[in-house]
Amino acid sequence: MRTRTPIVIVAVLLIAVAAVPPLGVADTAAECEFPHERTDATGTTVTVEESPDRIVVLAPSAAQTVWALGAQDRVVGMPREYHATYLNGTDGVTNVVTETGQPKIETVVAQEPDLVLAPNVTDPETVETLRSSGLTVYHFRQVGSLAGVSEKTRTTGRLIGACEAAATVSSDTETRVSDVREGTADRDRPLVYYAMGGGWTAGPDTFIGDVIATAGGENVAARANISEYGQISAEVLAREDPDWIVAPEGTDIDSTALANTTAVRDEQIVRVNRDYLHQAGPRVTNPLERIARHLHGASASFTTNGTANASITVNGTETTTGDSDAAMATTTTQTPAAPTDAGGPGFGPAAGAIALVAGAGLVRRRR
Numbered sequence: 001m002r003t004r005t006p007i008v009i010v011a012v013l014l015i016a017v018a019a020v021p022p023l024g025v026a027d028t029a030a031e032c033e034f035p036h037e038r039t040d041a042t043g044t045t046v047t048v049e050e051s052p053d054r055i056v057v058l059a060p061s062a063a064q065t066v067w068a069l070g071a072q073d074r075v076v077g078m079p080r081e082y083h084a085t086y087l088n089g090t091d092g093v094t095n096v097v098t099e100t101g102q103p104k105i106e107t108v109v110a111q112e113p114d115l116v117l118a119p120n121v122t123d124p125e126t127v128e129t130l131r132s133s134g135l136t137v138y139h140f141r142q143v144g145s146l147a148g149v150s151e152k153t154r155t156t157g158r159l160i161g162a163c164e165a166a167a168t169v170s171s172d173t174e175t176r177v178s179d180v181r182e183g184t185a186d187r188d189r190p191l192v193y194y195a196m197g198g199g200w201t202a203g204p205d206t207f208i209g210d211v212i213a214t215a216g217g218e219n220v221a222a223r224a225n226i227s228e229y230g231q232i233s234a235e236v237l238a239r240e241d242p243d244w245i246v247a248p249e250g251t252d253i254d255s256t257a258l259a260n261t262t263a264v265r266d267e268q269i270v271r272v273n274r275d276y277l278h279q280a281g282p283r284v285t286n287p288l289e290r291i292a293r294h295l296h297g298a299s300a301s302f303t304t305n306g307t308a309n310a311s312i313t314v315n316g317t318e319t320t321t322g323d324s325d326a327a328m329a330t331t332t333t334q335t336p337a338a339p340t341d342a343g344g345p346g347f348g349p350a351a352g353a354i355a356l357v358a359g360a361g362l363v364r365r366r367r
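All residue numbers in the sequence shown are consecutive under full-length UniProt numbering, ending with 367.
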C-alpha cells in the first residue's frame with residue numbers, strides 16, 4: 001500500500017489541476033457574473049439582473065459589435081435595413097427603426113427585450129421613453145477614437161454576458177491598430193482629405209480623424225481649422241493640395257477644386273466601406289489597414305488583413321470581424337449614398353449638412 005500512496009496522491013492532484021480553468025478564463029468568467037451594475041452616458045446606473053436572452057440594438061454599430069461577439073442569436077430587434085445589411089443571420093429579426101434610423105418605440109417595446117443597447121446617437125429622450133415603458137436600456141458614451149472601440153466592445157460583452165468573447169475581439173482590434181500605428185510611425189505623413197461629399201469633411205478630433213492619423217496621414221481639415229465636422233472651402237483644398245483623398249464608396253468627389261490636386265492628378269483616391277469606417281465597431285480595422293497600405297505602400301512595416309476576412313474563434317465558433325475592401329474601385333464617381341448610421345461617428349452628405357447646420361454640437365454629442 002505504501003508504494004501506491006504517492007501514485008494515488010499524484011493522480012488526485014492531476015485531476016484537481018485539470019478541473020481548474022486557466023487563470024484568465026476563470027477571471028473572465030467571474031467578471032461576467034450577474035446582476036451587473038454600470039453607469040451609462042445619461043448618468044443612470046443601469047442594472048442587468050441576468051445574462052439577457054432577448055436583446056434589442058438600436059443602431060448598426062451595436063449590432064456589428066454583438067455579431068462580432070457571436071451573440072447574434074439573442075438579438076430580437078435591430079436596424080435590419082439601415083446600414084446593417086452586411087451582417088449575416090438577420091432573417092427573422094424584427095426591424096426596430098425607421099428608414100432614417102430612428103427607433104420605433106412601440107416596436108422595440110413589443111419585442112419584450114431583457115436589454116436594449118443604445119449607441120450614443122440615440123436621442124436621450126428616446127432612452128427615457130423606453131425606460132418609462134419598463135425596459136432596461138444602456139446608453140453608450142460617445143466613441144471618439146479607435147481606443148474607444150475596444151472599450152465599447154468590452155462594455156457590450158460585460159452587459160450581455162460575453163466577457164471572454166469581448167476580450168478576444170477587443171484584443172484582436174487593439175493588435176491590428178497597434179500594428180498599423182507602429183508600422184507607419186517613421187513614415188512621411190502625406191496630406192489627406194477625407195471627402196464626405198458636398199465639401200464636408202472630418203477633422204482630427206473625430207473618430208474618422210483618429211483613423212486617418214493612425215494610418216499615418218496628416219488631415220488637411222486641420223489646416224482649415226476644422227477640428228470636428230465641417231465644410232472645407234475649395235480655395236483651401238486647391239491651396240493645400242492634398243496628396244491623397246479618402247472617400248466612402250459611392251461618394252461623389254468630382255470637384256473643380258480637386259481637379260488639379262496631386263491626389264486626383266496621380267489617381268491617389270482610396271475608396272473605403274462607408275459602414276465599416278463610420279460605425280464604431282471592430283470592423284473599422286479594415287478601412288484603417290486599407291488606408292495605411294495605400295498611403296505608405298511597401299514602406300509600411302505591418303501586416304494587413306489583405307483581401308481575406310478577419311476571423312477569430314470565440315467559444316469554439318469562428319466569427320468574422322472584418323470584410324474585404326480590396327474590390328472597391330479607387331477612382332469612381334457616383335452620386336452620394338444614403339447617410340450612414342448612427343452608431344458611428346459620421347453622417348452622409350445630406351444628413352451631415354442638416355445636422356451640423358441645425359444644431360451646434362449635435363455631431364459631437366451623438367455618436
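Don't be surprised by glycine CBs; every beta carbon is placed ideally from N, CA and C.
- Contact between the region 281 to 298 and the region 201 to 213 is present: three or more C-beta pairs spanning the two stretches fall below 8 Å.
- Leu130 places its beta carbon less than 8 Å from that of Val108.
- Here the C-alpha atom of Phe207 lies approximately 19 Å from the C-alpha atom of Ala185.
- Closest in C-alpha terms to Gly217, from the list Arg38, His278, Pro204, comes Pro204.
- The region 37 to 55 makes no contact with the region 253 to 273, as fewer than three CB pairs between them are under 8 Å.
- For Ser171 and His278, the gap between their C-alpha atoms comes out near 21 Å.
- Proximity to Arg176 across Leu237, Glu33, Cys32, Arg283 peaks at Arg283, based on C-alpha coordinates.
- Counting C-beta atoms within 10 angstroms of its own C-beta, Glu235 has fewer than 16 neighbours from the protein chains shown and is therefore classed as exposed.
- If you draw a straight line from the Cα of Asp266 to the Cα of Ala224, it comes to about 23 Å.
- Residue range 163 to 184 is occupied by the alpha helix (DSSP H) that includes Arg176, with no beta strand (DSSP E) assigned at that position.
- For Gln102, the closest alpha carbon among the candidates Gln111, Glu112, Pro124, Gly92 is that of Pro124.
- In the DSSP annotation of this structure, the continuous segment of the beta strand (DSSP E) that includes Leu115 starts and ends at 115 to 118.
- Closest by C-alpha distance to Pro242, out of Glu249, Glu31, Ala221, is Ala221.
- Around the CB of Glu164, 16 or more other CB atoms lie within 10 Å, so the residue is classed as buried.
- Contiguous alpha helix (DSSP H) elements confined to the region 122 to 158 occur at 124 to 132, taking only those with 4 or more residues.
- Between Ala41 and His139, the C-beta gap is smaller than 8 Å, which places the two residues in contact.
- Here the alpha carbon of Ser255 sits roughly 9 Å from the alpha carbon of Gly198.
- Annotation note: the region 28 to 101 contains the following uninterrupted alpha helix (DSSP H) runs of length 4 or greater, listed N- to C-terminal: 60 to 68.
- DSSP assignment within the region 184 to 270 yields the following whole beta strand (DSSP E) runs of 3 residues or more, N-terminal first: 191 to 194, 200 to 202, 229 to 231, 244 to 248.
- In this structure Val75 is in contact with Val93, their Cβ atoms being roughly 6 Å apart against a cut-off of 8 Å.
- Within the same chain, Glu218, Val220, Pro242, Asp243 come within 6 Å of Leu191 by CB-CB distance, once the 5 residues on both sides are set aside.
- Inter-residue distance for Gly148 and Tyr229 is about 19 Å (C-alpha atoms, whole angstroms).
- Residue environment for Asp73: exposed (fewer than 16 other C-beta atoms within 10 angstroms of its C-beta).
- With 16 or more other CB atoms across the displayed protein chains lying within 10 angstroms of its CB, Pro79 is buried.
- Following the DSSP letters along the chain, one finds Arg283 in no alpha helix (DSSP H), marked with neither H nor E.
- For Glu106, the enclosing alpha helix (DSSP H) stretches over residues 105 to 110.
- With fewer than 16 other beta carbons inside 10 angstroms of its own, Ala259 counts as exposed.
- Thr155 and Thr262 have their C-alpha atoms some 43 Å from each other.
- Distance between Asp91 and Thr100, taken at the CA atoms: about 21 Å.
- Rounded to the nearest angstrom, the gap between the Cα atoms of Glu106 and Trp67 is 24 Å.
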